Amino acid sequence: MPPSRDHDPAEAPRTLPALFARTVARHPDRRAVSDGDTVLTYRELDRRADAVAALLTGCGIGPGDRVGLYTSRSVDVFTALLGVLKVGAAYVAVDDRYPDSRRDLMLTVSGAAAVLTRADWAPRLAGLAVPVVPLPAEYGTAPASALRPDPEDAASVLFTSGSTGTPKAIVLEHRNLVAFALNRALAPLTEEDRVGQISSLSFDLFHYEMWNTFAAGAEVVVLPPVPELLEAGFGAELTRLRVTAMLVPTMVFNHVATEHPDAFAPLRLLQVAGDVILPAACRNILGGGFTGTLHNLYGPAESTTACTAHRVTARDAEGDAIPIGRPLDGVTAHVFTDGRAAAPGETGELLIGGAQLARGYLDAPELTAERFVDDPYGTGIGRVYRTGDLVRLRADGVLDYVGRVDNQCKIRGFRVELGEVERLMRTLPGVRDAVVVPEGEGTDRMLVAFVAGAGPLDEAGVREAAEKELPFFMVPGSLVILPEIPANHHGKRDVAALLGLLAERRRAHADERRALSPTERYLTGLWEELLAETGIGSTDHFFERGGNSLLAFRMRMRIARDLGAGISHRAVLDHPVLADLARAVDSAHAPAPQR
Numbered sequence: 055m056p057p058s059r060d061h062d063p064a065e066a067p068r069t070l071p072a073l074f075a076r077t078v079a080r081h082p083d084r085r086a087v088s089d090g091d092t093v094l095t096y097r098e099l100d101r102r103a104d105a106v107a108a109l110l111t112g113c114g115i116g117p118g119d120r121v122g123l124y125t126s127r128s129v130d131v132f133t134a135l136l137g138v139l140k141v142g143a144a145y146v147a148v149d150d151r152y153p154d155s156r157r158d159l160m161l162t163v164s165g166a167a168a169v170l171t172r173a174d175w176a177p178r179l180a181g182l183a184v185p186v187v188p189l190p191a192e193y194g195t196a197p198a199s200a201l202r203p204d205p206e207d208a209a210s211v212l213f214t215s216g217s218t219g220t221p222k223a224i225v226l227e228h229r230n231l232v233a234f235a236l237n238r239a240l241a242p243l244t245e246e247d248r249v250g251q252i253s254s255l256s257f258d259l260f261h262y263e264m265w266n267t268f269a270a271g272a273e274v275v276v277l278p279p280v281p282e283l284l285e286a287g288f289g290a291e292l293t294r295l296r297v298t299a300m301l302v303p304t305m306v307f308n309h310v311a312t313e314h315p316d317a318f319a320p321l322r323l324l325q326v327a328g329d330v331i332l333p334a335a336c337r338n339i340l341g342g343g344f345t346g347t348l349h350n351l352y353g354p355a356e357s358t359t360a361c362t363a364h365r366v367t368a369r370d371a372e373g374d375a376i377p378i379g380r381p382l383d384g385v386t387a388h389v390f391t392d393g394r395a396a397a398p399g400e401t402g403e404l405l406i407g408g409a410q411l412a413r414g415y416l417d418a419p420e421l422t423a424e425r426f427v428d429d430p431y432g433t434g435i436g437r438v439y440r441t442g443d444l445v446r447l448r449a450d451g452v453l454d455y456v457g458r459v460d461n462q463c464k465i466r467g468f469r470v471e472l473g474e475v476e477r478l479m480r481t482l483p484g485v486r487d488a489v490v491v492p493e494g495e496g497t498d499r500m501l502v503a504f505v506a507g508a509g510p511l512d513e514a515g516v517r518e519a520a521e522k523e524l525p526f527f528m529v530p531g532s533l534v535i536l537p538e539i540p541a542n543h544h545g546k547r548d549v550a551a552l553l554g555l556l557a558e559r560r561r562a563h564a565d566e567r568r569a570l571s572p573t574e575r576y577l578t579g580l581w582e583e584l585l586a587e588t589g590i591g592s593t594d595h596f597f598e599r600g601g602n603s604l605l606a607f608r609m610r611m612r613i614a615r616d617l618g619a620g621i622s623h624r625a626v627l628d629h630p631v632l633a634d635l636a637r638a639v640d641s642a643h644a645p646a647p648q649r
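In my numbering, the protein residues as written are 55 to 649.
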């Protein structure tokens, strides 16, 4: 497929500092970013960024360097990232929820020349062989940086899961992010928009929240974490904060739309990206008072956040799957099967090319050559990225997502290499071997880890170690401790046998139900529905079986609806074991359910 229309960058800025400077010149006194009571105009944000740039220059940071950012979501994030770019360096943003080992690995692999962080967090980084630069408590004045990066210079290093056990560092250039920020095929933002910011700083959706908003002269509104939004009332908070547009991670969208169809009603523009969007969730939104436009975006991080888009209609929502749409401006999308271009209706691997295509992987030439390929089938399509995604090309040029061709899967919107999780699990104390498989579909999908030890293993101990070493989205939702990993007659790990063992274990759990109280029986059914699992028992731990804060909120809402129990969200979190939660529900004087 050719680009959706010609990419015409005439008179447009070609680097991120130039893009931001254009908006500062046009709208110096408009609000650029807000976080609670803290508000910065474009002029104020620009001056603060100059102060950070001067601070970095004084530390010897300059063109070609990479600078880590380790801080919580706040206005300081935007000040710091702009300051990094103003000295010609590239930023490496680290989610503050990641384990220390993951944080340190990202900073080491990226070759960060310095790390910007909150002053009170500097001791956390004392063990790194990297200079730590505290962000200033007060921003003084500094001359504007005279450096002008080139469009082909690196702007951001973004990490995604790697099959070798080490995360892959994707290098995005200024031209990639500018092409996305100014892309005319995306639903446009206006100067009057207030764009809600909820994504992790390490997630590629953050690029939209920052750069697309700044390109439009709109305002970034830093929102509380999603669980806090849910507790306060998602739609009510969007209304209170006057948020008009958002790019929402798919997991958040699917969960919120399932329980609160009116939550996004205050928005005029709602875009969703990161995973497979559920038609039922779209039906709920489009039928729940939402009068804006809903768009499904698709794209691996290697194509700069999103490379295709589709406006979701009520008719789409009645189907089995939501299309991922057509390529954005300047993006080429090619579908190949058996070494030839797929015909309409055929399924093949999606290859992406064009202006948003990343430079490649940092310090990994072999991996870059493997995935970023020049005209792989001799058909003149140029340099493309092999996505590993299977898609179907419709006769009208719209693409449908079908699945994966390799050992990757999406967990909570994050791309995960099962091999990386297995390798990390094998490094945990006492673990000799591990096999990890995905279970469930869409945003209910979780990882199941089968673990064999060098000696006796304690499930709680393995889980605690995993939570310390793995990012939250890589922690298995379910653990099965085995003396050995079974092998098939070819001597390979027998995944089918492992899944059989899992099913058998859950059937054994089901036998417990005969001795359960009415409330416990109700909760086992509810947990199995929410967690997409079977064999839940009274001693099971909600979060150890794959639960998360969003699912916990949905559980509280269902208990209130079905049982009339006024149990708080905090009580649900404080009673993660099913039997304990049942007692808490009963103490709230809920009528005994009949199941």
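The beta carbon of each residue, even a glycine, is placed where N, CA and C say it ideally should be.
Just so you know, these numbers come straight off a predicted model, no measurement behind them.
Anticipated Cβ contact below 8 Å, residue i with residue j, distance rounded
i, j, result
"LEU355", "LEU212", "In the sequence as displayed, the identity of residue 355 is Ala instead of Leu. About 5 Å separates the two Cβ atoms, so the contact holds."
"ARG610", "HIS623", "5 Å"
"ASP450", "ILE378", "So it is not a contact: roughly 13 Å between Cβ atoms."
Residue i to residue j span [Cα, whole Å]
i, j, result
"ASN266", "PHE234", "8 Å"
"VAL308", "GLY194", "Going by the sequence as given, residue 308 is Asn instead of Val. Roughly 44 Å separates the two Cα atoms."
"ASP428", "VAL121", "31 Å"
"ALA606", "GLU403", "37 Å"
"ARG238", "PRO381", "11 Å"
"ASP640", "HIS595", "18 Å"
"GLU476", "PRO419", "24 Å"
"GLU424", "TYR152", "29 Å"
"PRO483", "VAL529", "15 Å"
"THR69", "GLY384", "16 Å"
"ASP370", "GLN325", "15 Å"
"LEU189", "LEU123", "10 Å"
"GLU474", "VAL485", "15 Å"
"THR125", "THR95", "21 Å"
"SER571", "LEU627", "21 Å"
"VAL297", "LEU604", "21 Å"
"ALA646", "LEU617", "Here the model assigns ALA646 a pLDDT of 48, short of 50, so the residue's position is not dependable and the matter cannot be decided."
"GLU558", "GLU521", "26 Å"
Minimum Cβ-Cβ distance from residue i to chain D less than 9 Å
i, result
"ALA223", "As a matter of chain content, chain D is missing from the structure shown, which is built from one protein chain."
Pair within 9 Å by beta-carbon distance, residue i and residue j
i, j, result
"LEU511", "ILE535", "yes"
"VAL275", "VAL306", "no"
"ALA506", "LEU533", "no"
"ALA144", "ALA209", "yes"
"GLY137", "VAL186", "no"
"PHE257", "GLN251", "no"
"PRO315", "GLY353", "no"
"LEU99", "THR133", "yes"
"CYS463", "ARG499", "yes"
"LEU585", "LEU524", "no"
"VAL456", "THR401", "yes"
"LEU139", "PRO205", "no"
"THR578", "ILE590", "yes"
"ILE376", "VAL366", "yes"
"GLY436", "GLY414", "no"
"GLY601", "PRO630", "yes"
"LEU283", "GLU291", "yes"
"ARG127", "ASP154", "no"
"ILE339", "LEU348", "yes"
"LEU201", "GLY287", "no"
"VAL87", "VAL129", "yes"
"LEU226", "THR358", "yes"
"ALA168", "CYS113", "yes"
Residue i: CB within 8 Å of a non-hydrogen atom of the ligand SAM
i, result
"HIS388", "Looking for the ligand SAM in the displayed structure turns up nothing, as the structure carries no ligands at all."
Option nearest residue i by Cα separation, candidates the options
i, options, result
"LEU323", "ARG294, LEU201 and GLU246", "GLU246"
"PRO221", "PHE74, LEU159, ILE465 and VAL385", "LEU159"
"ALA319", "GLY346, PHE390, VAL302 and PRO492", "GLY346"
"LEU416", "ALA166, ASP154, PRO71 and ALA200", "ALA166"
"VAL184", "ASP174, LEU170, ALA196 and ALA191", "LEU170"
"ALA387", "LEU411, ASP460 and ALA375", "LEU411"
"ALA614", "PRO82, ASP628 and LEU580", "LEU580"
"ALA514", "LEU348, ALA286, PHE288 and PHE597", "PHE597"
"ASP119", "PRO67, ARG157 and ASP207", "ASP207"
**Request:** Return the chain-ordered ranges of every beta strand (DSSP E) run that is complete within the region 259–342 and spans a minimum of 3 residues.
**Result:** Listed in chain order, they are 273–276, 299–303 and 323–327.
**Completely contained beta strand (DSSP E) runs for the region 96–153, where each covers 3 or more residues** = For the region 96–153, whole beta strand (DSSP E) runs of length 3 or above, ordered along the chain, are 120–124 and 144–148.
**Asked** What are the uninterrupted segments assigned as alpha helix (DSSP H) that are 4 or more residues long and contained completely in the region 391–468, given in chain order?
**Response** Counting only runs of 4 or more, we get 419–425.
**Request:** Tell me the start and end of each unbroken alpha helix (DSSP H) in the region 611–637 that is at least 4 residues and wholly inside, in chain order.
**Result:** DSSP runs (the alpha helix (DSSP H)) wholly in the region 611–637: 623–628.
**Asked** In chain order, which beta strand (DSSP E) runs of at least 3 residues are fully inside the region 340–390?
**Response** Within the region 340–390, the complete beta strand (DSSP E) runs of at least 3 residues are 347–352 and 362–365.
**Message:** If we require 4 or more residues per run, which alpha helix (DSSP H) segments fall completely within the region 481–524?
**Reply:** Counting only runs of 4 or more, we get 513–523.
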